[in-house]
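Colleague:
Chains as they are written, first to last, in our numbering: chain P, 1 to 278; chain B, 279 to 556; chain C, 557 to 834; chain U, 835 to 1112; chain R, 1113 to 1390; chain X, 1391 to 1668.
(1) Are the beta-carbon atoms belonging to residue 345(B) and residue 412(B) less than 9 Å from one another?
(2) When the Cα atoms are used, what is the spatial distance from residue 688(C) to residue 681(C)?
(3) For residue 625(C), return the contacting residues in chain U, with the cut-off set at a CB-CB distance below 8 Å.
(4) Do we get a CB-CB distance below 9 Å when we pair residue 721(C) with the residues of chain U?
(5) What would DSSP say about residue 118(P), mapped onto helix, strand or coil?
(6) In chain R, which residues lie less than 7 Å from residue 1029(U) when you measure between Cβ atoms?
(7) Which chain B residues are close to residue 787(C), counting only those with a beta carbon under 8 Å from its beta carbon?
(8) Since residue 1517(X) and residue 1615(X) are thought to touch, with beta carbons under 8 Å apart, how far apart are those beta carbons, to the nearest angstrom?
(9) Give the residues of chain P in contact with residue 1478(X), contact being defined as C-beta atoms less than 7 Å apart.
(10) Provide the residue(s) that pair with residue 758(C) in DSSP beta bridges, ordered along the chain.
(11) Would you call the segment 1634-1643 of chain X and the segment 1532-1543 of chain X touching, i.e. three or more CB-CB distances under 8 Å?
(12) Which residues does DSSP pair with residue 1025(U) in a beta bridge?
(13) Tell me, please, whether the CB atom of residue 1231(R) is closer than 9 Å to any CB atom in chain U?
(14) Roughly how many whole angstroms lie between the Cα atoms of residue 880(U) and residue 1065(U)?
(15) Look at the alpha carbon of residue 594(C) and the alpha carbon of residue 862(U), and state the distance between them as a whole number of angstroms.
(16) How would you list, in chain order, the residues of chain U whose beta-carbon sits under 9 Å from the beta-carbon of residue 634(C)?
(17) Measure from the alpha carbon of residue 408(B) to the alpha carbon of each residue in 392(B), 337(B) and 396(B), then state which is nearest.
(18) Taking only beta-carbon atoms, is residue 1401(X) less than 9 Å away from chain P?
(19) Using a Cβ-Cβ distance under 9 Å, would residue 1263(R) count as near chain X?
(20) So, helix, strand or coil for residue 344(B), using DSSP?
(21) Consider the Cβ of residue 818(C): report whether some Cβ of chain B lies at a distance smaller than 9 Å.
(22) Ignore the nearest five residues each way along the sequence and tell me which others in residue 1206(R)'s own chain have a CB closer than 7 Å to its CB.
(23) Name, please, each residue of chain R whose Cβ falls closer than 9 Å to the Cβ of residue 1601(X).
(24) Looking at the strands, I want to know which residues DSSP matches up with residue 1477(X).
(25) Can you list the residues of chain U that residue 805(C) reaches, using a CB-CB cut of under 8 Å?
(26) Quick one: what does DSSP say residue 7(P) is sitting in, helix, strand or coil?
(27) Using three-state DSSP, classify residue 722(C) as helix, strand or coil.
(28) Spell out the partners DSSP gives residue 1750(X) in its beta bridges.
(29) Among residues of its own chain, excluding the 5 on either side of residue 582(C), which ones have a beta-carbon nearer than 6 Å to its beta-carbon?
(30) Could you have a look at residue 1409(X) and say whether DSSP puts it in helix, strand or coil?
(31) Give the straight-line distance between the Cα atoms of residue 460(B) and residue 31(P), rounded to the nearest whole angstrom.
(32) Any beta carbon of chain R sitting closer than 9 Å to that of residue 926(U)?
(33) Skipping 5 residues on each side, what residues in its chain have a beta carbon closer than 7 Å to that of residue 1006(U)?
(34) Can you tell which of 62(P), 251(P), 84(P) and 48(P) has the C-alpha that lies nearest to the C-alpha of residue 1500(X)?
(35) Quick one: is residue 483(B) buried, meaning 16 or more other Cβ sit within 10 Å of its Cβ, or exposed?
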């Protein structure tokens, strides 16, 4: 990362001078949670950390006033609470944490806060936080995924039925690319709940009915997907695609206004401006 | 509705006798919130209420042991907090309410709880609640939308750019079908943030980047969509499609198991069984 | 009910236009809780719902600017938590809910909020809420019972020793009047804790010492009273008396000022005016 | 007080040995709040403290296994928050405090807990606490007033219209009896909201409609009643009547069972026994 | 104590008139907790109560505008939760209580609040409260110990290895001085965890590593120290030393300013002034 | 660091296999907060991070079964809330976070949890957490400072009067040693509140009276100490001393038992064993 885009490496006065209405502050959100025997507890954090750093760097090089904060390491991983090693915050603790940090960012003079999220279990609570932080602090808030889909390098489709959402081919490939020393493919096993693919309405996403699940609802492994199909080459593609998406997102976010381009009014009547720092 | 499928019309002992592992309990979630000058505050509640009642009735007639609870009238409508008439719960209050009700349902002997939701602002917090209730009570939890898309009756596409999410053609049509006495089309105006459609990444859904918004971020009307295109005939189609989706969902939910059909084990290691009633 | 007195059937702008300093907003509070084998879980809600609607209608016809909100269905029923079918909120959840709704009413421009309460278990927490909402929002707050005593039609006294407070002759009669289809008198049994009547000091009300009880402290039925004495005719009398009381209460409330008639100052030094909507 | 009835003067092991199923533990609840210029902030606490100590002493002498705890000094006095000198807990803090203390009493082996309350503003939150503590800890809980009405010594009626509820003739007389050094009658003024007596339905108690009030709603004095009618002789009568009521209450409480005399079963199905001490 | 220095013995208006920027308000914090078989549950409270009253009296006589509030009887004693008789607040309840009281003191017009603390278990939570109250209310906050070390009267060193922190020679001596009627030395036993003295790094204080402990971690007695070495004469010395420290502390506090003597500015940029009383 | 001592780099099953009763789990606690113009916001985090990693590595090499978790980046920095760039959690959020993580560590099979803390503002809340986590989870908990005093390399004393606690010579020297690229000595200024050294009783530590302060109470710089005296050589000494202390602490902690060496019983009666993972 180009020196200076890590906000917390600045001094307080330097951070205050650096941030302004045009700044985009990125808070990567990771997790420390069970990902099966083949992946480290840090999997989501490594992805969020690395994609955020690279994307902020590239976006800044392209003229976006982007800044990255230290990754939030511990988040809402209660679907893996049953699995030793998972370090999880309750929903209430996680939401309070994110609101507290949002207030801090607003007090520092920025107007845009991006959660760059590496853990699927954070999507719903961050969905709540997006609005909570917007309403309470006046910040414009955004949620960007740290990992996006990409076609496998050999042009062949993955055989995961779209169910590889935790410890499957995508995450394992990313880790093979980013931290191969932490991956043990010898213990990787396929855990694809194939019947779910046959389900007409109920599913993880893209289907109209969602459901509350814990990761051991699908079997003792706590894995959803087929890590045996993972390769470092696929990981490299996923990483590039994810960084590219994040760079594009930061660029678009920097210019985004709900009333359309060119508008500069800070907020609607529903926002009372940044709350007092208390 | 066929007598007896409204759970709260039973006595306590009758409810206890009626509910069992195969039962599907439906909690409709509405809202009391600003929907522009042409629609009642009750809009989301009317939709959730009517679709839930009809769907439970039809599902029961088809052999699903479905039950409907009284609609939760007041929910998380803080995106409309700026608009007089909106009656909103804070995120914390809403989550506690839903968890309390989940515990009550679990204590009554059911194993499946469905939120049939009429208000978009509830989707994220209910996403949190799905897992929270599952983990704390052992219930299997599901989220079903009260309103789904349907093609307009005349075969022509709507001109809302997919942005008609609040007080637009769909909701207005539904209300013209269900409660025309509460709709005042003479005050309906088009409020489509067209620039959002041009946004490559940022959007309400279907796009990879979501954002935190208050309804007056898009203009003083607090409406997103074009209610001038609404018709009762389109409302009838939407209603039928929504009920049909809900009936199919209840049917699938009644037989759903994360390990696939035929499995009966109640939960994974992560679920300790229903919590004590305290 | 005369069209327009159901506040949530108005649009947001219409509600804002309708409400003013002279308005009286009524929030009926019901319950979904065990009432013995002869009464529906909805008993308290039906009473609150019906009495509120009728009273607001009559009061409005008499010139009171009264409005009714959707009934709060789920409330603090923990004394029946042991009984399957009871859907209860914890004290904390209930208080937060009522405070959130109070803030919403204050933001809508009204100055008077009435809880018209059908469930005895809500009296103490609403007593807390009356002051909490007054202090935090500046609203004037009132608590009106949905069910009041009335002499039985045949002039004979009831034989309940004043202990018919839950599922007894009064509630059962009301339901026989309002929803006879939901009452099963064949299962009604007398459960009067006669020794309590002999207690000099300890009792439910009217005696100086109160106590904390759960409904199964008095026996396995969870009923206090003698529903076998209930009749629809008595229910009609109770309903009329309750509506009359509520109408008179709304009329008096509309003109009430703690400093006496003619005063218009909104509040004492202790009230800082409506809190910001956050 | 006879040595040994102040529970906290015992050692831990002695307290554990002293308490058993037949014990009645009394927690006096006072307040530190504005009572006008003529009475000390401590008024309610002095009354609760003195009546509790004397009543426990007399009850113990009469064979009741009664014990008194240190008075809870700071309670829910938010109706006087506007008045400097008032030291108040929010509703939430007060309820948590009382629940925490209830758990502690249950863990010590007692089965009966009595709140002997000197402050009217605590009645509603203690009403909530009675049930909350019963449900969460299995304790039987009771609320006894520290001050009860008594006829004035000269046989003449007081001229307060029943509205002397805060700093009026009764409290001032009690203090003239118990701590005359802290009373300054020269500053006492009559503050009786006479119009309230004319109110048909709305009132403090005994009338069907209650309301949320702050003490300065009735004028700048924060007093309700006529302290100019107070005398030490009337205070002595009130004190005797209050102690007599409390002694009789403790006696009745020691033998009280909701199923009637002779029953010994600890609780209904709704009580799971004392909660773990955490 | 000289009349008038007990703040709560004043009326509200008198308290408001008495307090000003130069006032020092003292809140003694005690405990009701197990102290072994030889000491009363009230031990810490008696010490805090007596030292505070005497110190405020002497400081006032010396010209410090000091005031004492009623002792906070119930505090954070969870390290003794296992011992019957301990009445403890959870950390959250204790912190909320202290913050609520801090707001009340700030609203009364004082600018300095001193916790004079008799219970070691309160030191950490009061450390949190010092800053929390300062930040939220603008008060300057201080923590003064109610018991300080003093050499034994006979010039001989105590043989407790510095580990006599709960129910040991110091506390027992203080009680022998202040309330000998509540001490039973016949049951006193030596409980000194001598190995702790040998620990190089881990200890209660003065050593660099602290640890989380419950009082029964060190044995079944819940005592840390050697009460058999206690004497009333030593207690008298400890009392005098403790009062002297407290008087000196109040004197220094009255003149204290973080910018040094002579400064009068109320606070830094981080303090927004007393919060609104809500 | 030797591979494998970073717990979150293991997989869940590997972590479960690695941890046992003899394991010592280290959670470094940093901060993101203003440290003056010459130091980065990350100062405390860098110290905690680096000292923890090195100490765990050395302790493990010496046979201690030590493991380090990802550093908790955001903590309780409210004394610097006034300074832009500070990212702070409220006390409540911080305590909940630490308790949640403690539960997670207990569920993973370890029995000892060490907070290795780089931020002074965390000492009081971690003092609360030590006991809270011990009581709620059964873990033995410890607090070790990440930075300890050491004599300056040239044998001369520092001229900070013992008041260099935030951004002074010690922290600045550490950063000059660990991350010189992030230090800008050209902006360093001396901010020593010399009058505090003259204060007899009131001070930061070592003096009997502590006080609640915000960092701008001492001037606009938010610095306490004299960073102009900092050198990389002194930083190297401080780093070595701090690592050495931490290694010694981990070694002692691994063998620590409150009943003395050789004892293996897990806990006293006050600990009910690890709480259920919910």
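Each residue gets a CB set at the ideal place from its N, CA and C atoms; glycine is no exception.
Modeller: In brief:
(1) no
(2) 10 Å
(3) Those within 8 Å of residue 625(C) in chain U number zero; the least Cβ separation is about 17 Å.
(4) no
(5) coil
(6) Residues of chain R passing the Cβ test: none, with the nearest at roughly 25 Å.
(7) Here the premise fails: no neighbours, minimum Cβ distance about 19 Å.
(8) The pair is not a contact, with the Cβ atoms about 23 Å apart (cut-off 8 Å).
(9) 100 and 104
(10) Answer is 765(C), bridged to residue 758(C).
(11) yes
(12) 1059(U)
(13) no
(14) 17 Å
(15) 42 Å
(16) 965, 966, 969 and 1104
(17) 392(B)
(18) At a cut-off of 9 Å, the C-beta of residue 1401(X) has a neighbouring C-beta in chain P.
(19) no
(20) If DSSP states are grouped into helix, strand and coil, residue 344(B) belongs with the strands.
(21) Cβ-Cβ to chain B under 9 Å: no for residue 818(C).
(22) 1187, 1188 and 1237
(23) 1242, 1246, 1252, 1253, 1254, 1255, 1365, 1368 and 1370
(24) 1422(X)
(25) 1035, 1036, 1042 and 1043
(26) It is helical.
(27) strand
(28) The displayed coordinates of chain X run from 1391 to 1668. Any statement about residue 1750(X) would go beyond what the structure contains.
(29) 608, 612, 624, 670 and 672
(30) coil
(31) Those two C-alpha atoms are separated by around 48 Å.
(32) Judged by the 9 Å Cβ criterion, residue 926(U) is in contact with chain R.
(33) 872, 873, 1017, 1022, 1061 and 1064
(34) 84(P)
(35) exposed
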